[in-house]
Amino acid sequence: MAFELDKTYLAIRDEAIELAAAAEPFAVEADAMSTVHEGMRKLLADSGLWTLTVPSRWGGRFDSVDPLAVCVVREVLMGTSAHLDSLFALQGIGSFGLARAGSDALRDRWLPQVASGDVLAGLGLTEQDTGSDLKNIVTEVWRDGDRLILDGNKSFISNGGAAGFYSVLAREDAGLSLFLVPADAPGLTVTPTPEIIAPHVLAELSFDNVEVSETNRIGDPGTAMDHVLATLAVFRVSVAGASIGLAQAALDETARHAGTRIQFGRPLARLGAVADMLGASWAELEAARLLTYKAADSARVDPAASIHLSSMAKLVASEAAGHITDRAVQISGRFGLVRDSKLERLYRQARPMRIYEGSSEVLRLGISKTLVATVLANEAQTPAEKR
Ligand SMILES: Cc1cc2nc3c(=O)[nH]c(=O)nc-3n(C[C@H](O)[C@H](O)[C@H](O)COP(=O)(O)OP(=O)(O)OC[C@H]3O[C@@H](n4cnc5c(N)ncnc54)[C@H](O)[C@@H]3O)c2cc1C
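Shown next, in the form of structure tokens:
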């Protein structure tokens, strides 16, 4: 097994580093916004990195979306700007189901514009009364003669208000189904989500008698969870990538501060308790990075079979980002508390990562189910099967 990125991924990382450097001057401004920063959007479009979020048939870079490439880019972008990272990743998260199961007409209509960034994508799963427990959503599609009608709501939707379309999870007779709803569909109303501690482009969607045509279906009736899980299989590990990028940025800031600030006649980094925190943070970060690359590489080969690894990577890396940013603020003393300083931003931005795309508790639940099933299945095998 190789423990280093090969030259394909190193070249992609260089592209991301170039974009991040160009975006750095706007980072504080963009990260305070809950609408799209047009300058960042243009930089991203010009960088060509959005082509990593769509298959090559529709203008993307690789035959299929490569989780390791997405991961490597998010690691770099998140260290500079959460706004930039989110703009990048959402194109894939919002369009993956469409690329996987939409009709040719629907894919030809939308995906090239996702790859170029002319249209932003959104994924609508969460509702006002339902988050982790997606099987209990209330948004529904019902038939009125030849017409399909969508009623309900979606809450905390990234790119809400800015997206050109949303992939929306809804219930119907056959079970849960996925539909592409253009942002200008009559009956769709978008209102702002309350501001959160780490500003994010978010909105509430309300569907009131929205007509959706059969051609806007993504996949067969009742198969939505397959497409949602496939999306998570590819993109959940990329949240781990973003988490380690954020944690690295916080650790770099802290090491610089602790290495140069003198208290009690020596640098902070030489005071035992501070050294202890720095050492623990670096070790946690490197462990999270190794697991993240391993999970992303496995997801590249077989996304569905490696979802437990992706979940572990997202769990470990987002929890590590929480610990590392918390220690970073502690080590920086009062300077770590200054509004919109790099550390203060990273500290706030680390927090939602343990909640979205599978909260830590829900991930542990899934991982433990896989563990028990794997052990029991192994024990049921004959010695010959085990070999
Ligand atoms: C910045 C941001 C962006 C987002 N973007 C999107 C988006 O683009 N599209 C979208 O659809 N949603 C989006 N969301 C919503 C996100 O997916 C939900 O917040 C997430 O699924 C958790 O749901 P919830 O907040 O309703 O929490 P709940 O499901 O109510 O959970 C609350 C707490 O209970 C715990 N819990 C829940 N179930 C269990 C269980 N079975 N066992 C143990 N503990 C449990 C959770 O871990 C959590 O700690 C976004 C959220 C944020 C913060």
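Using UniProt numbering, the first residue of the sequence shown is number 1, and each one after it goes up by one.
Yeah, the Cβ is synthetic: ideal placement off N, Cα and C, and Gly gets one too.
How would you label residue i, buried or exposed, when you count the other beta carbons within 10 angstroms and need 16 or more for buried?
i: Asn159; result: buried
i: Trp58; result: buried
i: Glu327; result: One detail in the question is off: residue 327 reads as Arg in this sequence, not Glu. So Arg327 ends up on the buried side.
i: Arg300; result: buried
i: Gly124; result: buried
i: Trp142; result: exposed
i: Lys342; result: buried
i: Lys369; result: exposed
i: Thr35; result: exposed
i: Arg100; result: buried
i: Ser95; result: buried
i: Asp104; result: exposed
i: Gln91; result: buried
i: Ser213; result: exposed
By Cβ distance, which residues of its chain are closer than 6 angstroms to residue i, with the 5 residues on each side in sequence left out?
i: Leu337; result: none
i: Trp282; result: none
i: Asn153; result: Glu127, Gln128 and Ser206
i: Glu357; result: Arg236 and Val239
i: Glu75; result: Gly241, Ile244 and Gly245
i: Thr193; result: Phe156, Leu202, Ala203 and Glu204
Looking at the secondary structure, which residues open and close the alpha helix (DSSP H) in which residue i lies?
i: Pro194; result: Run containing Pro194: none; DSSP gives neither H nor E here.
i: Ile367; result: Ser360 to Ala380
i: Glu253; result: Ala224 to Thr260
i: Ala30; result: Ala27 to Asp31
i: Val114; result: Asp104 to Ser116
i: Glu211; result: No alpha helix (DSSP H) holds Glu211; the beta strand (DSSP E) holding it covers Leu202 to Val212.
i: Ala304; result: From DSSP, Ala304 is part of no alpha helix (DSSP H); its letter is neither H nor E.
i: Ala20; result: Lys7 to Ala23
i: Asp46; result: Glu38 to Ser47
i: Lys386; result: Pro383 to Lys386
i: Leu343; result: Lys342 to Ala350
What residue range does the beta strand (DSSP E) around residue i cover?
i: Arg74; result: It is not in any beta strand (DSSP E) - Arg74 instead sits in the alpha helix (DSSP H) that spans Pro67 to Thr80.
i: Glu140; result: Glu140 to Asp144
i: Tyr166; result: Phe165 to Glu172
i: Asp63; result: Here Asp63 belongs to no beta strand (DSSP E), and DSSP marks it neither H nor E.
i: Pro182; result: Gly175 to Pro182
i: Arg147; result: Arg147 to Ser158
i: Gly122; result: Ala121 to Gly124
Measure from the alpha carbon of residue i to the alpha carbon of each residue in the options, then state which is nearest.
i: residue 389; options: Leu376, Lys342, His308 and Ala320; result: For residue 389 there is no data in the structure shown, the boundaries of the chain being 1 and 387.
i: Gln248; options: Tyr347, Pro303, Thr139 and Leu98; result: Tyr347
i: Gln349; options: Thr374, Leu232, Ile331 and His323; result: His323
i: His200; options: Met33, Gln91, Val372 and Ala255; result: Met33
i: Gly219; options: Ala170, Thr325 and Ile331; result: Ala170
i: Met78; options: Ala16, Ala162 and Asp226; result: Ala16
i: Ala242; options: Asp208, Ala317 and Pro383; result: Ala317
i: Asp108; options: Arg143, Thr231 and Asn216; result: Asn216
i: Gly187; options: Glu379, Glu211 and Thr193; result: Glu211
i: Arg4; options: Ser56, Glu38 and Tyr293; result: Inspection of the sequence shows that residue 4 is occupied by Glu rather than by Arg. Looking at the Cα atoms, Tyr293 is the closest of the given residues.
i: Leu285; options: Val228, Gly265, Ala313 and Gly259; result: Ala313
i: Ser155; options: Gly97, Gln113, Ile137 and Ile367; result: Ile137
i: Ala320; options: Pro67, Ile244 and Val362; result: Ile244
i: Ala185; options: Thr191, Thr193, Tyr166 and Leu202; result: Tyr166
i: Ser306; options: Ser95, Leu68, Arg147 and Glu38; result: Leu68
i: Ala273; options: Thr254, Ile331 and Ala230; result: Ile331
i: Asp151; options: Leu19, Tyr9, Asp144 and Glu140; result: Glu140
i: Ser311; options: Lys386, Val28 and Ala230; result: Ala230
i: Lys7; options: Val72, Val65 and Pro383; result: Val72
i: Val28; options: Glu195, Tyr9, Arg345 and Val168; result: Arg345
i: Leu180; options: Ile149, Thr191 and Ile196; result: Ile149
Under 7 angstroms Cβ to Cβ from residue i, same chain only, skipping five residues before and after it: list those, please.
i: Ala198; result: Ala82, Arg348, Gln349, Arg351 and Pro352
i: Ser359; result: Ser132
i: His227; result: Gly97, Arg100, Ala101, Leu178, Ile218 and Gly219
For residue i, collect the residues of the same chain with a Cβ closer than 8 angstroms to its Cβ; drop the 5 residues on either side in sequence, then sort them by chain order.
i: Met40; result: Ala23, Phe26, Ala30, Ser81, His83, Leu84 and Leu87
i: Gly222; result: Glu172, Ala174, Gly175, Leu176 and Ser177
i: Gln113; result: Val119 and Gly164
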